[in-house]
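Remarks on the structure that follows.
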Amino acid sequence: MSELGFVFPNDAHPAWSIMIVLYPYITGLVAGAFVVSALYHVFDQQALKPVARLALVTSLCFCAFATLPLLLHLHHPERCLQVMITPSTTSAIAGFGFIYNTYMLVLIVEVWLVFRPTIVERAKSQSGIVGKLYWLAALGVTEISDRARSVDNWLIRALALIGIPIACVLHGYVGFLFGAVKANPWWSTALMPVIFLISAIVSGIAALLLLYMVACRWRGVTPEADCIRSLSRYLWVFLVGAVTLEGMELLHMAYEAGGEWEI
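FYI, numbering that gives the first Met the number 0 numbers position 91 of the sequence shown as 90, with every residue one higher than the one before it.
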């Protein structure tokens with residue numbers, strides 16, 4: 000049956016639409032942008048300081064819409080809550096739901112801590128309804144002393160450290176899901192989760208580099224040369240890793256010379 004190419008004449012419509020393609024791409028941007036922020040907050044890469052906050056906001060924005068392509072692909076998107084209400088212990092989708100919500104919570108808290116000094120300053124400098132809104136955004140915590148900043152920085156570092164494995168699992172899960180499709184030998188490989196993860200970091204760094212350049216041009220400021228060089232260096236390293244893994248996978252399949260290679 001493999002000689003038929005695993006595709007039959009009655010398979011006129013693909014089961015997975017373009018939305019299924021967008022979904023792993025968006026989750027890749029989420030994980031990749033978060034890794035850049037973690038390089039600054041956890042590994043103290045000072046060259047990435049200009050994009051550290053932008054990376055967190057980018058990750059949060061993409062994460063908020065990561066599941067939208069899946070919902071648009073479903074015929075009954077209102078049933079998505081059933082995954083969380085009545086989860087199956089053997090379902091990868093159910094596991095992803097809990098991982099996604101945990102990661103979203105970590106992101107929201109970390110973004111709030113990073114922007115808390117700015118929010119507090121606006122709450123004190125603004126008056127009227129605007130000041131009240133900033134006070135609410137600060138959750139009534141208006142202390143920005145050195146001790147408070149030290150506690151905030153410790154929490155930010157801790158959350159970034161916790162978020163790294165969660166972000167890796169978030170996108171590695173997508174590769175795990177695709178790699179578990181036994182009907183497609185080109186996907187069914189143990190390298191798929193690793194390839195997805197490295198590719199996610201590549202796409203996230205590339206998107207962040209583009210956003211940083213556009214934001215600097217829009218604000219009329221000159222981009223930090225050290226930041227651009229550092230992002231480009233990390234982009235090159237992870238890109239080489241992604242291409243190497245893809246090449247290793249193709250080389251293995253070519254040497255194995257299975258039925259799928261003839262197709």
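The beta carbon of each residue, even a glycine, is placed where N, CA and C say it ideally should be.
{"Query": "P76 classed as buried or exposed, judged by whether at least 16 other C-beta atoms fall within 10 angstroms", "Result": "exposed"}
{"Query": "V34, buried or exposed, once every other Cβ within 10 Å from all chains shown has been counted against 16", "Result": "buried"}
{"Query": "Any beta strand (DSSP E) of 3 or more consecutive residues that is wholly inside the segment 20-91", "Result": "none"}
{"Query": "Residue from L53, A32, P192 whose Cα sits closest to the Cα of V201", "Result": "A32"}
{"Query": "Collapsed DSSP secondary structure at S187 in the structure displayed", "Result": "coil"}
{"Query": "Residues of its chain near M212, where Cβ-Cβ distance is below 7 Å and the 5 sequence neighbours each way are ignored", "Result": "P222"}
{"Query": "N-terminal and C-terminal residue of the alpha helix (DSSP H) that K131 is part of", "Result": "127-136"}
{"Query": "Contact belief for L44 with S231 at Cβ below 8 Å, rounded distance in angstroms", "Result": "In the sequence under discussion, the amino acid at residue 44 is Gln, which differs from the Leu named in the question. About 13 Å; that fails the 8 Å criterion."}
{"Query": "Among F97, W134, Y22, Q125, nearest to I84 - alpha-carbon criterion", "Result": "F97"}
{"Query": "Within 8 Å, strictly: CB atoms of D151 and R115", "Result": "yes"}
{"Query": "When Y99, V50, T88, K48 are compared against P23, the one with the closest alpha-carbon", "Result": "Y99"}
{"Query": "V173: first and last residue of the uninterrupted alpha helix (DSSP H) it sits in", "Result": "145-178"}
{"Query": "Nonlocal neighbours in the same chain, by C-beta distance under 6 Å from M0, ignoring five residues either side", "Result": "With a pLDDT of 44 at M0, under the threshold of 50, the predicted position of this residue should be treated as unreliable, though the coordinate-derived value follows. Around M0: no qualifying Cβ."}
{"Query": "Counted within 10 angstroms of its Cβ, other Cβ atoms place L80 as buried (16 or more) or exposed", "Result": "exposed"}
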